[in-house]
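Peer 1:
Number of protein chains: 2
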Amino acid sequence: MTELFKVLTLAEARAAIMSYLPAKETGVKVPLLESLGCRLTVAVQAVDDVPAFNRSTVDGYAVTAKDTYGASESIPSYLDVSGEALIGREPAGRVEPGQTWYIATGAMLPPGADAVVMVEYTEELDSRTIGINRPVAPGENVIRRGEDISAGEMALPAGHRIRPQDLGLLSSIGVTEVEVTRITKVGIISTGDELINPLEQPAPGEIRDINSYILYGAVSASGGQPRLYGIVPDNYDQMREVLALALEENDIVLISGGSSVGARDVTFKVINNAGKPGVIFHGIAVKPGKPTAGAVIGSKLLFGLPGHPASALVIFDVLVAPLLRDGAYPATEEESALEFPVKAIITRNLHSAAGRRDFFRVKVSSKEGQLFAEPVLGKSGLINTMTKANGLAHIPAGKEGVEAGETVDVKLF
Amino acid sequence: MTELFKVLTLAEARAAIMSYLPAKETGVKVPLLESLGCRLTVAVQAVDDVPAFNRSTVDGYAVTAKDTYGASESIPSYLDVSGEALIGREPAGRVEPGQTWYIATGAMLPPGADAVVMVEYTEELDSRTIGINRPVAPGENVIRRGEDISAGEMALPAGHRIRPQDLGLLSSIGVTEVEVTRITKVGIISTGDELINPLEQPAPGEIRDINSYILYGAVSASGGQPRLYGIVPDNYDQMREVLALALEENDIVLISGGSSVGARDVTFKVINNAGKPGVIFHGIAVKPGKPTAGAVIGSKLLFGLPGHPASALVIFDVLVAPLLRDGAYPATEEESALEFPVKAIITRNLHSAAGRRDFFRVKVSSKEGQLFAEPVLGKSGLINTMTKANGLAHIPAGKEGVEAGETVDVKLF
Numbered sequence: 001m002t003e004l005f006k007v008l009t010l011a012e013a014r015a016a017i018m019s020y021l022p023a024k025e026t027g028v029k030v031p032l033l034e035s036l037g038c039r040l041t042v043a044v045q046a047v048d049d050v051p052a053f054n055r056s057t058v059d060g061y062a063v064t065a066k067d068t069y070g071a072s073e074s075i076p077s078y079l080d081v082s083g084e085a086l087i088g089r090e091p092a093g094r095v096e097p098g099q100t101w102y103i104a105t106g107a108m109l110p111p112g113a114d115a116v117v118m119v120e121y122t123e124e125l126d127s128r129t130i131g132i133n134r135p136v137a138p139g140e141n142v143i144r145r146g147e148d149i150s151a152g153e154m155a156l157p158a159g160h161r162i163r164p165q166d167l168g169l170l171s172s173i174g175v176t177e178v179e180v181t182r183i184t185k186v187g188i189i190s191t192g193d194e195l196i197n198p199l200e201q202p203a204p205g206e207i208r209d210i211n212s213y214i215l216y217g218a219v220s221a222s223g224g225q226p227r228l229y230g231i232v233p234d235n236y237d238q239m240r241e242v243l244a245l246a247l248e249e250n251d252i253v254l255i256s257g258g259s260s261v262g263a264r265d266v267t268f269k270v271i272n273n274a275g276k277p278g279v280i281f282h283g284i285a286v287k288p289g290k291p292t293a294g295a296v297i298g299s300k301l302l303f304g305l306p307g308h309p310a311s312a313l314v315i316f317d318v319l320v321a322p323l324l325r326d327g328a329y330p331a332t333e334e335e336s337a338l339e340f341p342v343k344a345i346i347t348r349n350l351h352s353a354a355g356r357r358d359f360f361r362v363k364v365s366s367k368e369g370q371l372f373a374e375p376v377l378g379k380s381g382l383i384n385t386m387t388k389a390n391g392l393a394h395i396p397a398g399k400e401g402v403e404a405g406e407t408v409d410v411k412l413f
Numbered sequence: 414m415t416e417l418f419k420v421l422t423l424a425e426a427r428a429a430i431m432s433y434l435p436a437k438e439t440g441v442k443v444p445l446l447e448s449l450g451c452r453l454t455v456a457v458q459a460v461d462d463v464p465a466f467n468r469s470t471v472d473g474y475a476v477t478a479k480d481t482y483g484a485s486e487s488i489p490s491y492l493d494v495s496g497e498a499l500i501g502r503e504p505a506g507r508v509e510p511g512q513t514w515y516i517a518t519g520a521m522l523p524p525g526a527d528a529v530v531m532v533e534y535t536e537e538l539d540s541r542t543i544g545i546n547r548p549v550a551p552g553e554n555v556i557r558r559g560e561d562i563s564a565g566e567m568a569l570p571a572g573h574r575i576r577p578q579d580l581g582l583l584s585s586i587g588v589t590e591v592e593v594t595r596i597t598k599v600g601i602i603s604t605g606d607e608l609i610n611p612l613e614q615p616a617p618g619e620i621r622d623i624n625s626y627i628l629y630g631a632v633s634a635s636g637g638q639p640r641l642y643g644i645v646p647d648n649y650d651q652m653r654e655v656l657a658l659a660l661e662e663n664d665i666v667l668i669s670g671g672s673s674v675g676a677r678d679v680t681f682k683v684i685n686n687a688g689k690p691g692v693i694f695h696g697i698a699v700k701p702g703k704p705t706a707g708a709v710i711g712s713k714l715l716f717g718l719p720g721h722p723a724s725a726l727v728i729f730d731v732l733v734a735p736l737l738r739d740g741a742y743p744a745t746e747e748e749s750a751l752e753f754p755v756k757a758i759i760t761r762n763l764h765s766a767a768g769r770r771d772f773f774r775v776k777v778s779s780k781e782g783q784l785f786a787e788p789v790l791g792k793s794g795l796i797n798t799m800t801k802a803n804g805l806a807h808i809p810a811g812k813e814g815v816e817a818g819e820t821v822d823v824k825l826f
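Keeping their order, the protein sequence lines are chains A and B.
The opening residue of the first sequence carries number 1 in this note's numbering; numbering runs sequentially from there.
The opening residue of the second sequence carries number 414 in this note's numbering; numbering runs sequentially from there.
(1) Between the alpha carbons of A/Glu406 and B/Gln783, how many angstroms are there, rounded?
(2) Compare the C-beta of B/Ser765 with all C-beta atoms of chain A and state if any pair is closer than 8 Å.
(3) Within the stretch 266 to 346 of chain A, note down every full alpha helix (DSSP H) run reaching 4 residues or more, in order along the chain.
(4) Between A/Glu249 and chain B, is there a C-beta pair that is closer than 8 Å?
(5) If you follow the alpha helix (DSSP H) that A/Leu86 is in, where does it begin and where does it stop?
(6) So, helix, strand or coil for A/Gly217, using DSSP?
(7) Taking the alpha-carbon of B/Ile697 as reference, which of B/Phe729, B/Gly671 and B/Tyr482 has the nearest alpha-carbon?
(8) Just to confirm my understanding: we take B/Arg502, look at its own chain, exclude 5 residues before and 5 after, and list those with CB closer than 7 Å. What are they?
(9) Rounded to whole angstroms, what's the CA-CA distance from A/Ala46 to A/Asp148? Just pull it up for me.
(10) Applying a beta-carbon distance threshold of less than 7 Å, which residues of chain B neighbour A/Tyr216?
(11) Using a 10 Å radius around the Cβ and a threshold of 16 neighbouring Cβ atoms, would you call A/Glu194 buried or exposed?
(12) Quick check on the burial criterion: 16 or more other C-beta atoms within 10 angstroms. Buried or exposed for B/Glu619?
(13) By alpha-carbon positions, which one of A/Asp49, A/Lys399 and A/Arg325 ends up nearest to A/Ile173?
(14) So, under 8 Å CB-CB, B/Gly525 and B/Thr481 are touching, yes? Tell me the CB distance rounded to an integer number of Å.
(15) Could you give the distance in angstroms between the alpha-carbon of B/Asn401 and the alpha-carbon of A/Gly192?
(16) Tell me the DSSP bridge mates of A/Tyr78?
(17) Which residues in the same chain as B/Ala465 place their Cβ atom closer than 6 Å to its Cβ, once the five residues preceding and following it in sequence are excluded?
(18) Per DSSP, what kind of secondary structure is A/Tyr229 in: helix, strand or coil?
(19) At which residues does the beta strand (DSSP E) containing B/Tyr515 begin and terminate?
(20) So, for A/Met118: in the same chain, excluding its five sequence neighbours on each side, which residues have a beta-carbon less than 7 Å away from its beta-carbon?
(21) Can you pull the chain A neighbours of B/Arg621, defined as C-beta to C-beta under 7 Å?
(22) How should B/Tyr629 be labelled, buried or exposed, when 16 other C-beta atoms within 10 angstroms of its C-beta is the threshold for buried?
(23) Is A/Arg182 close to chain C? Criterion is C-beta to C-beta, closer than 8 Å.
(24) At the 8 Å Cβ level, is B/Phe716 part of the contact set with chain A, yes or no?
(25) Could you name the residues of the stretch 545 to 561 of chain B whose beta carbon sits closer than 8 Å to any beta carbon of chain A, in the order they occur along the chain?
(26) Take the Cβ of B/Ser669 as the centre, count every other Cβ of all protein chains shown within 10 Å, and call the residue buried at 16 or more, exposed below.
(27) Quick check: the Cα distance between A/Glu3 and B/Leu580, rounded to an integer number of angstroms?
(28) Could you have a look at B/Gln458 and say whether DSSP puts it in helix, strand or coil?
(29) Who are the near neighbours of B/Arg653 in its chain, counting only those whose CB is closer than 6 Å to its CB and skipping five residues on each side?
(30) Keeping to the same chain, check which residues put their C-beta closer than 6 Å to that of B/Arg557; ignore five residues upstream and five downstream.
(31) Report the residues of the stretch 770 to 783 of chain B with a CB closer than 8 Å to any CB of chain A, ordered along the chain.
(32) Please return the same chain residues whose Cβ sits closer than 7 Å to the Cβ of A/Glu403, not counting the five positions on each side in sequence.
(33) Would you please verify whether the beta carbon of A/Ile255 is less than 8 Å from any beta carbon of chain B?
(34) With three or more C-beta pairs closer than 8 Å as the rule, is the stretch 433 to 441 of chain B touching the stretch 592 to 602 of chain B?
(35) Quick one: give me the first and last residue of the beta strand (DSSP E) that A/Asp409 is part of.
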């Protein structure tokens, strides 16, 4: 029953995991439309200027700016309308001094013109002449060639996770295939002699498996590809066999341990003997989730998560989800702050031990423009505390608790 | 060129759309593991108690609480160890007064016992006797039968969107199939004579299609099922034909309009003639995105989005995304506040007109525990303003701008 605990702080555990990750990830090419949420393995450079020509941002008249200097409502500048810049077409001809072309929003500026006067500031005198009531500066109402992105400029950096707007940026530069990190495969094993498949009716003493389902959902939601390996009894040989298969077929394996000390001992023994380099920590200074284990087996990561569903999910959130989403943990304190970006007033006192990072589930609500976080408390084995919450708050390691009325940092989910 | 604008506020536009949505959504049954992110069409009730038995939350000794009253380190209560409650098994026997059973975390409490003493507060005298150093109250260290959820209790309400932890709750009550709203199909049409497929090399005056890709990503990210109908030129008959097909094959259709007044006129004419009941608004008091149109054609929703990518995405965020994610808009001011839950200090003055809701993209960063929002400004046709931002902030309709140093509400993305 004795265990050699190697307890790290959360930051130390993260650093230890990162030290084993390969510096460069392998990429696969996918069509642009399938790349949403994936991370780029290499930076994308623009090949052409975007836009590839000077483009009007308004409906109006393309002019040589200096032809409009001094124009006013009382003394308009009069210009000859000598053409029309049609959208999607190359202008046939040029705007000579004293001339103007009608131009639609988005159309290419004809050569000779360097600005556009909005139609609102013009008056049609006859079909060939307009008066301009207001001067424009060169470049006014124009997006210049390459103003959005210029050829050779980096459009998106390596490691960037592709959002909807990034699909637009990439399509604008003609990128229809991108090299992204392949989706991380995550094997999920539940252990515990008391667990049964949710399809079955529990006999007295039995409990339906919960952690497999929570972790399956959490892996999917974080952009990983989950695979369930079912429920393994608290038996060394059986667990070892299933773990070996899961490690072979996945990049990361999660074992959510049995809840009793005996079951945890078996699970840890299996983790400890799974291969080299082996266990990098056993225990982290967080609550809930202290008995978490982390190991590296070859190039695969292995986590022994707590048996309590709420604890397992907190540890997943802080140790596994960032790897699936970003391939790394926040690198700086500034980045970390964006993990818990919502400030809310806590509605009751909460205790914490100095040197320990405490996480607790909260129900965030808004009242007269102010956000309040009500801790959803309850025994740690309960599931309904998880489903009643809509956020996770934390007390930093340096603090010994918070008092009602203090502001806490929250991540909504 | 004349248009009959029917300009609504954002709240009025949302209310108008909601008034046309069916009160009850149709559901489809899906396996539990495929239901992540879907919304329940009917509430889920628990059939059994969870847990189905009194369960120990610690490793220790199951006792009759009153046998421990008065126990202390100097005067322990001595009890006979008459059995062991194994995890996953029904205890064979009962704890009689003066007796105790060893019990593992998660195991079923034997009849007769009503509390558990943690192993830390016991001492083994011999193989049949232990001393107890601290009293326990009835129910201590026990999750009672039905304490998590009791039979007949509502586990999750209709309309609830399933999160990872909800999969755990549902598996705990043996629900392995759920009835959820089928995924909303969204057809996407780009219009504009200047647009070409991103695979092609643009001729002078041509621009690669951006909106199709941004909207495809935005629909996917919001839980909808996007389908592209390509680029349609600014031609009434062609647009009408493609729109009719898209309306037939989808629940919602998005047309992102040409950017010039002429192109917008064609698009609006097609929307206006698409069917009954027809256009419900044309223009909303928001910036960017004023020229947005909304129509109902039979039971389908049709949105005419602005041509500028950044404007189209803002309007998607505030009018379309909530429907895909939640089937509705936030119903109360309190719910609305959670749409923009992050408070950040704006780093420069921004103007706004009273009565108009202004949205602007920001780059949020953290500095010494405080979040700052730097507006990412630029001409409205640019795409890189979208990709440089990591958040959307807003100025409420009642305000005429914000000054540097004021706090604004932000949604991170």
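Think of the CB as a built atom: it goes at the ideal place given N, C-alpha and C, for glycine as much as any other residue.
Peer 2: For this structure:
(1) 15 Å
(2) Taking CB atoms only, B/Ser765 has no neighbour in chain A less than 8 Å away.
(3) 309 to 315, 321 to 326 and 333 to 337
(4) So, not an interface residue.
(5) Unbroken run through A/Leu86: none, as it is neither H nor E.
(6) helix
(7) B/Phe729
(8) none
(9) 10 Å
(10) Leu446 and Leu580
(11) Residue burial annotation: A/Glu194 is buried, with at least 16 other C-beta atoms found within 10 angstroms of its C-beta.
(12) The residue is buried, with at least 16 neighbouring Cβ atoms inside 10 Å.
(13) A/Asp49
(14) 14 Å between Cβ atoms; not a contact.
(15) Examination of residue 401 of chain B is not possible in this model, given that chain B is present from 414 through 826 alone.
(16) A/Gly131
(17) Counting only Cβ-Cβ distances below 6 Å, and skipping sequence neighbours, we find nothing.
(18) DSSP places A/Tyr229 in strand when its eight states are reduced to three.
(19) Gln512 to Ile516
(20) Val58, Gly60 and Asn141
(21) Ser171, Ser172 and Gly174
(22) buried
(23) Given the protein chain composition of this structure (A and B), no chain C is represented.
(24) no
(25) Listed by position along the chain: Ile556, Glu560 and Asp561.
(26) B/Ser669 should be labelled buried.
(27) Low confidence applies to A/Glu3: its pLDDT is 47, below 50, so where it sits in the model is not reliable, and the reading given next is rough at best. About 33 Å.
(28) strand
(29) Val683
(30) Asn467
(31) Val777, Ser778, Ser779, Lys780 and Gly782
(32) Asn349
(33) It does not: the Cβ of A/Ile255 has no partner Cβ on chain B nearer than 8 Å.
(34) Touching, yes, given that three or more Cβ pairs across the two stretches are closer than 8 Å.
(35) Thr407 to Leu412
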